[in-house]
Every structure is written in C-alpha cells, then in structure tokens.
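Just so you know, the protein sequences line up as chains A and B, in that order. The first sequence begins at 0 in numbering that gives the first Met the number 0 and counts up by one. The second sequence begins at 0 in numbering that gives the first Met the number 0 and counts up by one. Every residue, glycine too, gets a C-beta built ideally from N, C-alpha and C. Being a predicted model, the structure only gives us computed values, none of them experimental. Here is the structure we will look at, set down as structure tokens.
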Amino acid sequence: MGTTLFDKIWESHVVKHIPDGPDVLYIDRHLVHEVTSPQAFNALKAKGLKVFRPERTFATCDHNVPTLGQDKPITDESSRRAVEQLGINTKENGITYFPLGDPGNGIVHVIGPEQGIVLCGQTVVCGDSHTATHGAFGNIAFGIGTSEVEMVLATQCLLQSKPRQARITVDGTLASNVTPKDVILYIISRLGTDGCTGCFVEYAGEVFRNMSMEGRLTVCNMSIEMGARGGMVAPDDRTFEYIAGRRFAPKGDELDEKIAYWRTLKTDSDAVFDKEWHFDASDIRPMVTYGTNPGMGVAVDAAIPDSAVGCDTATFDKALAYMDFHRGEPMTGKKIDYVFVGSCTNGRIEDFRAFAKAVAGRKKADGVTVWLVPGSKEVESKIESEGIGDELRAHGFEIRQPGCSACLAMNADKIPEGKYAVSTSNRNFEGRQGYGARTILAGPLVAAEAAVTGRLGMPV
Amino acid sequence: MDKINIIKSTAVVVPVDNIDTDQIIPARFLKTTVREGFGEKLFYDWRFHADGTPVEHHPLSGQRGVILVAGNNFGCGSSREHAAWALHDAGFKAVVSSSFADIFRNNALNNCLLPVKVSEQYLENLTAELRTAPDTEVTIDLGRQTISAPKTGEESFEINGYKKECLMKGYSDIDYLLADQGSILKYEASH
C-alpha cells in the first residue's frame, strides 16, 4: 500500500517512536507571536534553559497591535507590555523578530510564506490554531499550546500522536464569483465544525490544483474550523515559483536541489485515507455564515436552514438567538453595519485586489464602517504601489495598518454589541469580534458587495 | 505537575455543543504574560452581563465539583492554552464530553486536566442524570480508565499508556524531551 503526502513528511521527522505513546517529532520551523509565547519563555528561564535552535524560530507581533498610529507607543498598557516582552525574549535568545513597523512585520501566518520562512515538506508549528495555513505549501503545519511552545523552544521537538488522515477532493471549475474562501466555507458547512477532528486533511482535485498559492493558504487556514489539526496541498510548480526569490528561501543550486526533493512529495495513487469526501465545484456558490460557528454557513442567495451538521437543536437555537436570525429567512438583503477585510485568512494582496475590483468604482455605503486591514507591511506596500489604496480611499474606504485587528478584537478594533459585521476572517464565535458582536463570515467579494450596498447580496 | 488517580466529585453541566475556547476564556483576557489568575475569567461572557453583573442561575456560577460535563466537540477553535489554565485554575480536574478538539485535548493533558471522551449515549444519559439529581457523585478512575455514575453506570475511556503514566505520576512531556536530548542530536546529525 502506498503512502500519503502526510506520511512521507511525518516519517521523515520522527526522532523516535514511544511504544503505546506518541512520536518524538522534529520541528523545522517555529513561528512565535506575543500572545501564546511569554509564559513559555518564562518557564524556560525558570529552568535555566536557552532556546535550543533559535535559527529555526521566527517571531512577529500581530494580535495586540493597533491598526492606526503604529509609529507611536501602543496606548493599551497590557498590550504594550505583551509586545515589549516579545522583543526582550527574542533578543535574549537570538531569535529573528519582526517588530512593529518593520518591513517584515505582519500577521504570523501571512509573513511566514511571504518571507520565505516556510518552505515545503516541513513540520511547522506556532502557538496559534491557524498555523494550518502553512500546509498550503505541502507542510505538516499545526497549532500548539504554550506548554508545547516551551517544548519546541527547549528541544526543537514535540511529542505527538500520529493523527488519522482525510482527503477532500473538489473537481470541476469554480464560477467567477466563487473565491477560495467560499470553497472552504462550503466544505465546512457540509462536514460540520468537528467533521475532521482527529484528522489531518489533504485537499486534492482540480480546484486546488488550479488555485493560486494565496487561495490555497486561505483554504488550509480554515482547516481547523472543521476540527482538523491541519490541511495540506501537494506542492507543485506554482508553489516553487512562489518560494523562489523570497528573503529567507534557499537560492540557486540549493533551491534546485530542494525543488527536486519537493517534487517527490505527493500521495501515492494506491494510498488509503481514513476518510474521503468528494465535492463538485459547480455546487459551490458565494457563501456566508448565519450562526456562531463556521460550519453554520449557506450560499448568500439561500435561506437560513432548520439545522446544521454537528449542532444539536438547543445549540442551533442559541446561535440563532445570538444572531437575532430565524429559520427560513433569506440571507440576501440583511442589513450590515461593519465590514472587515483582513486576517490570516483573507488579508493578502489577492484579497485586496479582489475587493477593489468588486467595488468597481462604487462608493462605500453610508452608515457602514469598513476596515480594510492588510495582513502585513508587504501587503500594505503592494496595496499602495498598485494604486489600490488611492482608488479605494477616493471612494470612501479606509486602509489601516497591518495586524490581526477585528478578527479577534484584542486591540481597539471591536464590533459594538448587537451590530452585524461581514468579516473575511475565520471565526464567527459569540463575542469573537467584540462583546455581543454578530459576525457573518464571507469572502472578499461578498464583503465588497456589503461595503457598497450596506446589505448582503450576490457578488457579480 | 499535579497527579491524577481517582476523581470523585459532583459535576457542573453545561450541555452546549461546540464550546469554543473563545467562550472558555475571551481573547481580551489574554494580554497577561503569566499563567495564573485565569480561573475567575472562566466562561466570563456567559457568567456576566456586559455591565459586569452576574447572570442568574448560570450552571457555572456557584460551581459545584471538579468535573465539567459539556456537549460534543468541547474546546474547538483557538489553540490558547489559557482555556486549560482557566479550567484548572477554577479547580476543575476533568472534562467529560463525547469529543474534544485536538489542540485543547493536548493542552488539557499538559495541565493535569483529564479529558474524558465518552460515547454520545453515555453523555446524554449522564447529562440527564445530573440534571435530575445535581448532587450525584461522578467517579473517574484513571487507573482503570472508567467513568461511572449511580444511574448512568460505567463506561471505559481511552488514553494512551504514555500519557496515562504521565498523569498518574506527575511527569511532563518537556522533562521527557529534555532527558532524551541524545536522540534529538542524533536525528539532527543525520538530517
């Protein structure tokens, strides 16, 4: 029996098998941010240890940063202290750090690929569930807790049980108004928010083969929202082209050698998965969520259903009550107060290009607050150099500075209680975007439609 | 690390599916750089109104016991270990559900908080029993890998041998890894 892409990478990283226990797994890349790392650095210090392999660790601040006035000190004292502590911890341990305002700064899962830190065939971890993002390059990438951050800092290894494996195949051609975000929201709505718990997912089929690297990043990013540890796409020429020339990526002969190896990273035709699903691209329409988990999604021109996969009636009712929505109501036409475009899911340059194109010279709707938050300094600078910034500003839109922003509202970018926000981020949990905030997850095209009309509607 | 052997206690029941870690500990409480003090923030937005007044009759207010019984897919969402810290800090020693999100499960095990995965039927029966008789004692025996309650009866649960030994003896993963640095250096040299 053949092996999967996942098997090949996993087995090449096993330091040791523990009988009736987990494997000792070597970690190639460790990404660090200010929220989930300080307690790990403290623990290391208390044990008198230094970071074991600092050259494999890269850090950025993103969750606590303001998206206005980044040249000034952070006004929120606890946020400022958290960010300052990361600066101290990385300096003491010789870790590459992209501080606020640095050209390499941005959301951890945006800068990893952008700076060429994350390559192919690697094990990648970060104290952040959206680490799944990096699977887009054919990596085993998964989120870890702070105790595990400490283990990786101290030993460059983790104890992990090999998960089960699933494959999701989408064949066919997507309609022009369907984005990678719609594809993953559709999949999660079909499988439920715990449909892949205990599994690592490989995305296969025409749709992902034809998808851009940034699109694959969006899809893999949300793997965790159906419970998967991570998601991955086999690397191909598109992947290698993306990597070539990036700051920390290998160059010249070294890159050619790596690419020759990376080409071998694919699932054998006779490999068997624990779970398999097949979907047809023509069934996927622009999506929105109506409830309080990412599995509660429908096409924007559909009505709110009677139930959702993996959600009992009481939980379903609680979600609708929180959203003040009702079964059978159409989603199209629902009034929107806020639009947030950004996050590690949809904060890349292609998302802003798509948003600007869909706005198509229309003005921002009165009464709607729109926050366009680039995922990184590099995305911000492309928005300006490509003229997208000027064009959008001329039509009443505001471009902010990079960070996680309203995705989890740890900074000042909070959606007020009871207000409806169309967000290109990844979670519509109760209170995620602010106490009592009501989140409708969508892709950049649905967000653009909401931004210019103030209502949910089908993008052209 | 603490140790776990037999946990015998009344339980708190929160029969909601898909309880995510944003509910267990909202993001605005994650700005601190220490591990302690999260217990009082546990399920904060479910326990308190926007103005800080307590929600009346919430199962978590006036917590009874060290076992939390929750709906399916407990701990989904963010990887924040603060969720496990908050539960542990609030005195919980075990969480019972019909499924756990993977990252939460690992975080719990690393903090001596035992995730007990039971069948959907067992969870339904246990929830019903605890709702009818809130003073019921639930017994979780890690050594025998069983959970039991008077009416619901007994069911066994799975845990790998390595993790079980860690919890019963108070060992942690990092000690294991630090003690085995030879293997790690050997791996590095050959890759």
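According to DSSP, is residue i part of a helix, a strand, or is it coil?
| i | result |
| --- | --- |
| valine 124 of chain A | strand |
| alanine 58 of chain A | strand |
| phenylalanine 396 of chain A | coil |
| arginine 163 of chain A | strand |
| cysteine 75 of chain B | strand |
| methionine 221 of chain A | helix |
| cysteine 406 of chain A | helix |
| alanine 174 of chain A | coil |
| proline 179 of chain A | helix |
| glycine 105 of chain A | strand |
| tyrosine 434 of chain A | coil |
| serine 97 of chain B | coil |
| histidine 133 of chain A | helix |
| methionine 286 of chain A | strand |
| arginine 34 of chain B | coil |
| lysine 15 of chain A | strand |
| proline 112 of chain A | helix |
| threonine 368 of chain A | strand |
| histidine 32 of chain A | coil |
| glycine 388 of chain A | helix |
Leaving out the 5 sequence neighbours to the left and right, which residues in its chain are closer than 7 Å to residue i when beta-carbon positions are compared?
| i | result |
| --- | --- |
| alanine 298 of chain A | Arg284, Pro285, Met286 |
| lysine 7 of chain B | Glu136, Thr138 |
| proline 162 of chain A | Gly197, Cys198, Phe199, Arg228 |
| threonine 217 of chain A | Pro179, Lys180, Ile183, Thr344, Asn345 |
| glycine 309 of chain A | Gly191, Thr192, Asp193, Gly194, Gly294 |
| serine 147 of chain B | Thr138, Glu153 |
| histidine 48 of chain B | Val54 |
| leucine 67 of chain A | Arg399, Gln400 |
| alanine 447 of chain A | Phe354, Ala357, Val358, Pro458 |
When you compare only the Cα positions, how much space is there between residue i and residue j?
| i | j | result |
| --- | --- | --- |
| lysine 71 of chain A | leucine 43 of chain A | 31 Å |
| serine 375 of chain A | alanine 357 of chain A | 22 Å |
| tryptophan 370 of chain A | alanine 301 of chain A | 26 Å |
| lysine 317 of chain A | alanine 10 of chain B | 23 Å |
| proline 179 of chain A | arginine 326 of chain A | 27 Å |
| alanine 174 of chain A | methionine 0 of chain A | 37 Å |
| isoleucine 335 of chain A | alanine 233 of chain A | 38 Å |
| glycine 142 of chain B | arginine 27 of chain B | 38 Å |
| proline 329 of chain A | glycine 435 of chain A | 22 Å |
| valine 338 of chain A | leucine 112 of chain B | 39 Å |
| alanine 405 of chain A | isoleucine 439 of chain A | 13 Å |
| aspartate 412 of chain A | lysine 418 of chain A | 13 Å |
| leucine 391 of chain A | alanine 353 of chain A | 12 Å |
| lysine 162 of chain B | phenylalanine 99 of chain B | 16 Å |
For residue i, I'd like the list of residues in its chain whose CB is within less than 6 Å of its CB, leaving aside the five on either flank, ordered along the chain.
| i | result |
| --- | --- |
| glycine 395 of chain A | Lys362, Lys363 |
| glycine 134 of chain A | Ala140, Cys219, Gly229, Gly230, Met231 |
| valine 123 of chain A | Arg28, Val117, His133, Asn138, Ala140 |
| alanine 89 of chain B | Gly38, Leu41 |
| phenylalanine 40 of chain A | Asn88 |
| glycine 433 of chain A | Ala408, Lys413, Ile414 |
Measuring CB to CB, does residue i end up less than 7 Å from residue j?
| i | j | result |
| --- | --- | --- |
| glycine 76 of chain B | threonine 31 of chain B | no |
| threonine 238 of chain A | phenylalanine 351 of chain A | no |
| alanine 248 of chain A | glycine 115 of chain A | yes |
| glutamine 84 of chain A | proline 53 of chain A | no |
| valine 31 of chain A | aspartate 61 of chain A | no |
| proline 14 of chain B | threonine 126 of chain B | yes |
| threonine 151 of chain B | glutamate 123 of chain B | no |
| valine 151 of chain A | isoleucine 26 of chain A | yes |
| isoleucine 115 of chain B | alanine 93 of chain B | Sequence inspection shows valine at residue 115 of chain B; the isoleucine mentioned does not correspond to that position. Cβ atoms of valine 115 of chain B and alanine 93 of chain B: closer than 7 Å. |
| asparagine 17 of chain B | asparagine 292 of chain A | yes |
| glutamine 159 of chain A | leucine 24 of chain A | yes |
| isoleucine 94 of chain A | alanine 58 of chain A | yes |
| valine 372 of chain A | glycine 341 of chain A | yes |
| aspartate 273 of chain A | glutamine 121 of chain A | no |
| threonine 266 of chain A | threonine 3 of chain A | yes |
| alanine 131 of chain A | serine 268 of chain A | no |
| tryptophan 276 of chain A | isoleucine 167 of chain A | yes |
What residues in its chain sit with their C-beta under 8 Å from that of residue i, if we drop five residues either side in the sequence?
| i | result |
| --- | --- |
| serine 29 of chain B | Looking at the sequence itself, residue 29 of chain B is leucine, so the reference to serine does not match. The answer, listed in chain order, is Arg79, His81. |
| glycine 144 of chain A | Thr35, Gly126 |
| proline 304 of chain A | Val297, Arg326 |
- Query: What are the uninterrupted segments assigned as alpha helix (DSSP H) that are 4 or more residues long and contained completely in the segment 121 to 175 of chain B, given in chain order?
  - Reply: Qualifying alpha helix (DSSP H) stretches, in chain order: 160 to 168.
- Query: Counting only runs that start and end within the segment 335 to 365 of chain A, where is the beta strand (DSSP E) found for 3 or more residues in a row?
  - Reply: Within the segment 335 to 365 of chain A, the complete beta strand (DSSP E) runs of at least 3 residues are 337 to 340.
- Taking only runs of the alpha helix (DSSP H) that begin and end inside the segment 199 to 244 of chain A, which ones reach a length of at least 4 residues, in chain order? Complete alpha helix (DSSP H) runs here, min 4: 205 to 208, 212 to 220, 236 to 242.
- Query: Along the chain, which unbroken stretches of the alpha helix (DSSP H) at least 4 residues long are found entirely within the segment 257 to 336 of chain A?
  - Reply: With a minimum length of 4 residues, the continuous alpha helix (DSSP H) runs that stay inside the segment 257 to 336 of chain A are 312 to 322.
- Entirely enclosed beta strand (DSSP E) segments - the segment 34 to 80 of chain A, minimum 3 residues: Counting only runs that start and end inside the segment 34 to 80 of chain A, the beta strand (DSSP E) elements of at least 3 residues fall at 56 to 59.
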